[in-house]
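K.L.:
Take a look at this one; I'll ask things after.
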Amino acid sequence: MKYQPIIGLETHVELKTKSKMFCSCSADYFGKEPNTYVCPVCLGLPGALPVPNKTAIEWCIKIALALNCKISNISKFDRKNYFYPDLPKGYQISQYDEPFGLEGNIKLKTKNIRIRRVHMEEDTGKLLHANVGGKKVSLIDFNRSGVPLVEIVTEPDFENAPQVAEYLQKLQQIIRYLDVSNADMEKGDMRLEPNISLVSRISNFQFPISSENLPKYKVEVKNINSFRFVARAIEAEIIRQGELLNRDETPTQETRGWDEKKGTTVSQRSKEEAHDYRYFPEPDIPPITFGLREIRAVREQIPELPDEKRKRFEKEYGLSSHDVDILTRERSAADYYEQAVKDGSKHSLTPKKIANYIINKKPDMDKTVPGELVELILVTHQTTEVSSEELKQAVRQVLLENPKAVGDYKAGKTQVLGFLIGKVRAQLPPKSSSEGIRELIEQALK
Amino acid sequence: MNNGLNTLTIRESLEGLRNKEFSSVELTRACLDQIKKYNSDINAFLTINERAINEARRADEARENGSDSPLLGIPIALKDMFLTKGLRTTAASHVLENYIPQYDSTVVQKLKDAGAIILGKTNHDAWAHGSSGENSDFGPTKNPWNKEYVPGGSSSGSAASVAADMTIASTGTDTGGSIRLPASFTNTVGLKPTYGLVSRYGIIAMASSLDSIGHFTKTVEDSAIFLNVTAGNDPMDATTTKNKIPNHLEDLDKGVKGFKIGVPKEYFTQGLDSNIKKNIEGAIKKFEELGAEIIEISLPHTEYGIACYYIIQPSEVSSNLARYDGIRYGNDRTRFGDEAVRRIILGTFTLSSGYYEAYYKKAMQARTLIRQDFEEAFKKVDAIISPVSPTPPWELGEKVDDPLKMYLSDVYTVIANLAGIPGLAVPSGFIGDLPTGFQILGPQFSEKLLFRIGHAFEQTQERKVLEK
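This is the structure we're talking about:
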């Protein structure tokens, strides 16, 4: 190919805080009846004022720290002024020149993607176009208005669509590990806006591209609601721009929308129509200062992140990177695995054996507690039959000897089941089947 | 026919109510009668609260039952920038002419909780844009002392209603002098508190970094009583102070002996009307007689005040008015009056990319210098005395075609807003048949001190009551 794509990415992540960014309305708006999660503040009524949500700011900083950003000691909110019917104040409270996080990065398999900034803003309402009484109307639902959003902006470091896809998967995984957003594309928790331009491969350049070597234009693509489509939109845009350049035309600097049905991008807004957002410091919110101690406190809340976990799993459990990738995809799965390893070690089950079982048999982690899983694995190696009378006797005895566990179970702590199963097993001859133990215990405790 | 109860101060009213000399219903009715009688002349009120008498009756019942909350049964008026649940709030603009708010502003809630009776909503320059009251979309308010003259603005109706004894007290907003200037034009006491002392929540925003929420009263003591109710942190306004609020009445009678009072030399140069100059010199003399030491000070960046203010203020105005976009409040943007349009365009320009650095940013830097001027000055003096308006009240229509001339009437007032400090306008006599006053400026959160100084001066004056 004659041209090298240069791609940057803006990602919006909606936080799952209890309340909205600047008021106490619930932020859990998805699927709720329109305009029921609103108040003077998020409706932008006359006289209403924003009061920032401390948790949202902490979570934004958490994300920034997880992406290796520097955290500014002083930060502030700004007003981004523009007109749109879903924006009730006529401006969005965002951050302009002093974002919470600056200069971070995400490491891909073959390349480092630099993060330019991580900042906090509020979401807008939602427009619904409907037919009411035979009339075409636009309706506004303000339930989403004021829900906290974190925007993560990369440098133009991507060379192709697969890198973008890899980045997005990593970012989504980190966000989910941090437990600050469901990062669910379908629900709009995560929104992607790639910007794409091409340079001739003949010109002298290398990544990372210095600003003077950047092409004189860039095309931003909006309305993308899946990782799959982001790759397709980028591919389509590379082809479209390449064709223009082949005809000696410079692509127009503009915003384009992804048309899923046509599989192409469509012009939405050209540079001439581009907004002048007239940013200025939000006078209703005093500047926010962060001391080292506060930043440290947020840092301490950050769990082990996927990259570290992967490294540790490989080293500690002697697993292949393929296995580790699967086991660490979700934090809960990784935790489950580690608990199973711990339980299994009592029965000299190797971490590798447990990993294989999980990867191949895909047990339902919501239904099978790690202790049970260990039993299941052991079963696959056992032979001895136990009579049902023996089994019942063992269950009765274990329940009698472990009143605390029984109490816990009755109080709703079902995780003790694994412990009780283990105890029952210990009563039985080695290599006995654990089949039916769970049911027997559950029955006895009903 | 008129029992004269409406001419009372808050203090006098409270005494009368406590001693059962009259009821809140009688007091409220006296105010409503006065409104009925003079409002068509003065145009101070835009909306009358039809439930006022019922509320007064409830206040009387509460008093019967032993309640003595700080403003129990006291009729007050609210500038129509204060949101009142269920009571039309217009910002004196056609854009909001039918707007009925869903909630009360924090200050209104506090006043209601303190037992105040809301008589109605007062006229003002639309969106608080103006110095004369003439920019109201519902017609100008007239100066009760001479109806050919402006009462000052933007809080024109609030000032005029207190001066004309239509109410015992009233609220106002002061973004660049909108309380102090009309107070000095109407022989009333006007307080612009420290930025952040009184909540802005539920008050229609003009310029958010400058808006101060204050009030008009007949005496300095009343002003302190009122502030005791309205001041304090509001969890709904992130810019309000977390400081403990003192009792503003505490040192009221302690006089000014030994106080150092500054007089800024920059304020007494050309442009100041000679009669006003003479009047203030008289006031300064009074303070010397009362035992204060008068010290000449310098506020070198004063000359940048107006320029700085007329960049920051319209910038914020242009953003704050964006929500009245024709989608939600019934009327579209064609209903904005000329002055609002002027400020929206001016502010949009000064915030535009490429101009932001040259205008808004520069103005913010100048603002810092102005603030530092005061910090320096207050190392030398306890408080500062200054004119409020460079001229006495002008005739209706005199400046309406010259916005710049109108803007210049704010020259002595805007700097307190830029610096975030409090200012108390106190009446100091008359020039012909029209009132004049001066302002006392102090460091942030020095309201108690301002009341003490203002009260000391007030004791040397005879309170002139409007003959009706």
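Protein chains in written order, with the working numbering: chain U, -13 to 432; chain C, 201 to 668.
The beta carbon of each residue, even a glycine, is placed where N, CA and C say it ideally should be.
Taking Cβ-Cβ distances below 7 Å as the criterion, which residues of the region 47 to 78 of chain U are in contact with chain C?
P.N.:
Taking 7 Å as the Cβ-Cβ cut-off against chain C, the residues of the region 47 to 78 of chain U that qualify are Arg65, Asn67, Phe69, Pro71, Pro74, Lys75, Gly76 and Tyr77.
K.L.:
Using a Cβ-Cβ cut-off of less than 9 Å, list which residues of the region 18 to 32 of chain U approach chain C; keep chain order.
P.N.:
Cβ contacts with chain C come from Cys25, Pro26, Val27, Leu29, Gly30, Leu31 and Pro32.
K.L.:
Measure from the C-beta of Gly623/C to each C-beta in chain U and report whether the shortest distance is under 8 Å.
P.N.:
By 1-based counting over the second sequence, the position of residue 623/C is 423. Closer than 8 Å: no.
K.L.:
Less than 8 Å between CB atoms is the rule here; does Asp532/C satisfy it with respect to chain U?
P.N.:
The residue labelled residue 532/C in the question sits at position 332 within the second sequence. Not one chain U Cβ lies under 8 Å of Asp532/C.
K.L.:
Any beta carbon of chain U sitting closer than 8 Å to that of Ala619/C?
P.N.:
Reading the second sequence from its first residue, position 419 is the one you call residue 619/C. By this cut-off, Ala619/C is not an interface position.
K.L.:
Can the beta-carbon of Pro275/C be found closer than 8 Å to that of Ala292/C?
P.N.:
Locating residue 275/C in the second sequence gives position 75, counting from the first residue. Locating residue 292/C in the second sequence gives position 92, counting from the first residue. Not in contact: Pro275/C and Ala292/C (Cβ atoms no closer than 8 Å).
K.L.:
Mark Thr469/C as exposed unless 16 or more other C-beta atoms lie within 10 angstroms of its C-beta, in which case mark it buried.
P.N.:
Position 269 of the second sequence, counted from the first residue, corresponds to residue 469/C. Exposed is the call here.
K.L.:
Please report whether the beta-carbon of Arg264/U lies at a distance below 8 Å from any beta-carbon of chain C.
P.N.:
As a working note, residue 264/U is residue 278 in the first sequence. Output row for Arg264/U: interface = yes.
K.L.:
If we ignore side chains and look at the alpha-carbon of each, how far apart do Gly642/C and Ser361/C end up?
P.N.:
Within the second sequence, numbered from 1, the residue matching residue 642/C stands at position 442. Within the second sequence, numbered from 1, the residue matching residue 361/C stands at position 161. Roughly 27 Å between the two C-alpha positions.
K.L.:
Looking at Phe193/U: is its Cβ nearer than 8 Å to the Cβ of Asp143/U?
P.N.:
As a working mapping, residue 193/U is identified with position 207 in the first sequence. As a working mapping, residue 143/U is identified with position 157 in the first sequence. In contact: Phe193/U and Asp143/U (Cβ atoms closer than 8 Å).
K.L.:
Hey, is Asp83/U's beta-carbon within less than 8 Å of any beta-carbon in chain C?
P.N.:
On the first sequence, position 97 is the one that residue 83/U refers to. Not closer than 8 Å to any Cβ of chain C, the Cβ of Asp83/U fails to qualify, so no.
K.L.:
Give me the subset of the region -6 to 14 of chain U whose CB atoms are less than 8 Å from a CB atom of chain C, sorted by chain position.
P.N.:
For the region -6 to 14 of chain U, which is checked against every Cβ of chain C, not one residue is closer than 8 Å.
K.L.:
To be precise: take each residue of the region 288 to 311 of chain C, compare its Cβ to all Cβ atoms of chain U, and keep it if any distance is under 8 Å. Which residues remain?
P.N.:
Here the close residues are Thr289, Ala291, Leu296, Tyr299, Pro301, Gln302, Tyr303 and Ser305.
K.L.:
Let's test the definition: count the other Cβ atoms within 10 Å of the Cβ of His415/C and tell me whether it reaches 16, buried, or not, exposed.
P.N.:
In the second sequence, counting from the first residue as 1, residue 415/C sits at position 215. Label assigned to His415/C: buried.
K.L.:
Check whether the Cβ atoms of Tyr395/C and Ser378/C lie closer than 8 Å to each other.
P.N.:
Taking the first residue of the second sequence as position 1, residue 395/C is located at position 195. Taking the first residue of the second sequence as position 1, residue 378/C is located at position 178. Against a cut-off of 8 Å, the Cβ pair of Ser378/C and Tyr395/C comes out as no contact.
K.L.:
Would you tell me roughly how many angstroms separate the C-alpha atoms of Asn343/C and Ser332/C, rounded to the nearest one?
P.N.:
Along the second sequence, one-based indexing puts residue 343/C at 143. Along the second sequence, one-based indexing puts residue 332/C at 132. Answer to the nearest angstrom: the Cα atoms are 10 Å apart.
K.L.:
Kindly list the residues whose CB is nearer than 8 Å to the CB of Leu283/C, restricted to its own chain and excluding five residues on each side of it in sequence; keep chain order.
P.N.:
Here residue 283/C is taken as the residue at index 83 of the second sequence, counted from 1. If we look at Leu283/C and ignore the five residues flanking it on each side, its Cβ neighbours are Thr289, Pro301, Tyr303, Asp304, Ser305, Val308, Gly402, Ile403 and Ile404.
K.L.:
So which residues of chain C does Pro273/U contact, with C-beta pairs closer than 8 Å?
P.N.:
To locate residue 273/U, count along the first sequence from 1; it is residue 287. Residues of chain C passing the Cβ test: none, with the nearest at roughly 11 Å.
K.L.:
Excluding the 5 residues preceding and the 5 following Gln513/C in the sequence, name in chain order all residues of the same chain whose CB lies nearer than 7 Å to its CB.
P.N.:
Counting from one through the second sequence, the residue named residue 513/C turns up at place 313. So the list reads Thr375, Gly376, Ala407 and Leu410, once near-sequence residues are dropped.
K.L.:
I believe Leu377/U touches Leu426/U by the beta-carbon criterion, under 8 Å. Please report the beta-carbon distance rounded to the nearest angstrom.
P.N.:
Position 391 of the first sequence holds residue 377/U. Position 440 of the first sequence holds residue 426/U. Contact holds; Cβ gap of about 6 Å.
K.L.:
Do the CB positions of Leu114/U and Gln149/U come within less than 8 Å of each other?
P.N.:
One-based indexing of the first sequence puts residue 114/U at position 128. One-based indexing of the first sequence puts residue 149/U at position 163. For Leu114/U and Gln149/U, no; Cβs fall outside 8 Å.
K.L.:
Find the residues of chain U that neighbour Asp525/C, judging by a C-beta separation of less than 7 Å, and give them in chain order.
P.N.:
Working through the second sequence from its first residue, we reach residue 525/C at position 325. Here the neighbours are Phe69 and Gly76.
K.L.:
Does the Cβ of Gln401/U have 16 or more other Cβ atoms within 10 Å, making it buried, or fewer, making it exposed?
P.N.:
Walking along the first sequence from the start, residue 401/U turns up at place 415. Exposed, since its Cβ has fewer than 16 Cβ neighbours within 10 Å.
K.L.:
Rounded to the nearest angstrom, what separates Lys664/C and Glu658/C at their Cα positions?
P.N.:
Along the second sequence, one-based indexing puts residue 664/C at 464. Along the second sequence, one-based indexing puts residue 658/C at 458. Lys664/C and Glu658/C: Cα-Cα distance of roughly 11 Å.
K.L.:
Counting pairs of Cβ atoms below 8 Å between the region 468 to 484 of chain C and the region 440 to 450 of chain C, do you hit three or more?
P.N.:
Flag = no, the region 468 to 484 of chain C and the region 440 to 450 of chain C do not touch.
K.L.:
If we cut at 8 Å on Cβ distances, does Arg542/C have a partner in chain U?
P.N.:
Residue 542/C sits at position 342 when you count from the first residue of the second sequence. With 8 Å as the cut-off, Arg542/C does not count as an interface residue toward chain U.
K.L.:
Give the secondary structure of Trp345/C by DSSP, where H, G and I count as helix, E and B as strand, and everything else as coil.
P.N.:
Residue numbering aside, residue 345/C sits at position 145 when the second sequence is read from its first letter. The answer is coil: DSSP assigns Trp345/C none of H, G, I, E or B.
K.L.:
Give the range of the beta strand (DSSP E) segment to which Asn475/C is assigned.
P.N.:
For the purposes of this step, residue 475/C is taken as residue 275 along the second sequence, with counting starting at 1. From DSSP, Asn475/C is part of no beta strand (DSSP E) but of the alpha helix (DSSP H) over Ser474 to Glu489.
K.L.:
Against chain C, does Asp109/U count as a neighbour if the rule is that its beta carbon must be under 8 Å from one of theirs?
P.N.:
Indexing the first sequence from 1 puts residue 109/U at position 123. Not closer than 8 Å to any Cβ of chain C, the Cβ of Asp109/U fails to qualify, so no.
K.L.:
Could you pull out every residue in the same chain whose Cβ sits closer than 8 Å to the Cβ of Asp394/U, ignoring the five residues on either side in sequence?
P.N.:
Residue numbering aside, residue 394/U sits at position 408 when the first sequence is read from its first letter. Contacts found: Val402.
K.L.:
Keeping to the same chain, check which residues put their C-beta closer than 6 Å to that of Leu546/C; ignore five residues upstream and five downstream.
P.N.:
Numbered from 1 along the second sequence, position 346 holds the residue referred to as residue 546/C. These residues qualify, in order along the chain: Pro514.
K.L.:
Would you say Asp400/C faces chain U, with C-beta separation under 8 Å as the test?
P.N.:
Taking the second sequence and counting its residues from 1, one reaches residue 400/C at position 200. According to the sequence provided, residue 400/C is Arg. The question's Asp does not apply to it. True, the Cβ-Cβ gap to chain U drops below 8 Å.
K.L.:
Mapping DSSP to helix, strand and coil, what is Thr550/C?
P.N.:
As a working note, residue 550/C is residue 350 in the second sequence. Helix at Thr550/C.
K.L.:
Applying the 10 Å Cβ sphere with the 16-neighbour rule, what's the burial state of Leu261/U?
P.N.:
As a position in the first sequence, residue 261/U is number 275, starting the count at 1. The amino acid occupying residue 261/U in the given sequence is His; Leu does not appear at that position. Its Cβ having fewer than 16 others within 10 Å, His261/U is exposed.
K.L.:
Note down, in chain order, each residue of its chain lying with its Cβ closer than 6 Å to the Cβ of Asp434/C, except the 5 sequence neighbours on either side.
P.N.:
Taking the first residue of the second sequence as 1, we reach residue 434/C at position 234. Answer for Asp434/C: Thr306, Ser399, Tyr401 and Thr440, listed in chain order.
K.L.:
Would you verify that the beta carbon of Glu437/C is, or is not, closer than 8 Å to some beta carbon of chain U?
P.N.:
The count along the second sequence starts at 1 and reaches residue 437/C at position 237. The sequence shown places Asp at residue 437/C, not Glu. It does; some Cβ of chain U falls within 8 Å.
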